[in-house]
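A.B. asks: In my numbering, the protein residues as written are -9 to 149.
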């Protein structure tokens, strides 16, 4: 499966993300064993291939798997590819990256964009970056090029 690339808690369960798989951690409520650890069998082979792409908001996680951007809410079923028609362009950028791509799930944004969004920032060798933005409400991707290297993403409040 590969090395551990992330961890998220969703409800009472924990999920260990690996490059090519997900492992479920279930608390037992007793001293020994404290947890059951077992492979997540739905979405076999899908994992968090790019470690810093994993982001969580509520029960949702998004991450860049080996071949598609993926969202996962265990209450709704197995991991779901969301790259769609943008996937080829996103992965072309990922293959040309000069550092770690960074992902972030946002609950809401301003400037007319509301609802859950996933952003993936990809730094390039020329010192520039591209941020790919996925809007869950419309299932659409947009991108924006920046003349500097983006190494982190966080919420910024403006009035």
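Here a beta-carbon is modelled for each residue, glycine too, at the ideal position from N, C-alpha and C.
No experiment lies behind these values; they were computed from the predicted model shown.
What is the DSSP secondary structure of residue 18, counted as helix, strand or coil?
C.D. replies: Residue state, collapsed to three classes: coil.
A.B. asks: Among the residues of its own chain, which have a CB less than 8 angstroms from the CB of residue 55, if the five just before and after it don't count?
C.D. replies: Hits under 8 angstroms: 36, 37, 38, 39, 69, 71.
A.B. asks: Give every residue of the same chain whose Cβ lies closer than 7 angstroms to the Cβ of residue 85, excluding the five residues on either side of it in the sequence, and list them in chain order.
C.D. replies: none
A.B. asks: For residue 79, does the three-state DSSP call read helix, strand or coil?
C.D. replies: Residue 79: helix per DSSP, three-state reduction.
A.B. asks: Which whole-angstrom value describes the C-beta separation of residue 52 and residue 95, a residue pair presumed to lie in contact below a C-beta threshold of 8 angstroms?
C.D. replies: Confirmed, about 6 angstroms.
A.B. asks: Expressed to the nearest angstrom, what Euclidean distance is found between the alpha-carbon atoms of residue 92 and residue 16?
C.D. replies: Per the coordinates, the alpha-carbon of residue 92 lies some 28 angstroms from the alpha-carbon of residue 16.
A.B. asks: Report buried or exposed for residue 107, applying the criterion of at least 16 other Cβ atoms within 10 angstroms of its Cβ.
C.D. replies: buried
A.B. asks: By the three-class DSSP mapping on this structure, what secondary structure does residue 93 have?
C.D. replies: strand
A.B. asks: Consult DSSP for residue 148 and reduce its assignment to one of helix, strand or coil.
C.D. replies: At residue 148 the pLDDT is 47, less than 50, meaning the model places this residue with poor confidence and gives no usable figure here.
A.B. asks: Looking only at its chain, what residues have a beta carbon closer than 8 angstroms to the beta carbon of residue 149, apart from the 5 residues adjacent to it on each side?
C.D. replies: Model confidence at residue 149 stands at a pLDDT of 41, short of 50, so the residue's coordinates are unreliable and nothing is read from them.
A.B. asks: At what residues does the beta strand (DSSP E) containing residue 51 begin and finish?
C.D. replies: Counting along the chain, the beta strand (DSSP E) containing residue 51 begins and ends at 50 to 54.
A.B. asks: Throw me the rounded Cβ distance for the residue 112 and residue 83 pair, which I believe falls under 8 angstroms.
C.D. replies: 5 angstroms
A.B. asks: Does DSSP put residue 61 in a helix, a strand or coil?
C.D. replies: strand
A.B. asks: Does the beta-carbon distance from residue 14 to residue -3 come in below 8 angstroms?
C.D. replies: No Cβ-Cβ contact shorter than 8 angstroms links residue 14 with residue -3.
A.B. asks: Going by the DSSP bridge assignment, what does residue -5 pair with across the sheet?
C.D. replies: In the DSSP output, where bridge partners are listed per residue, residue -5 has none listed.
A.B. asks: Once the 5 residues before and after residue 32 are set aside, which same chain residues still bring their CB inside 8 angstroms of it?
C.D. replies: 67, 68, 69
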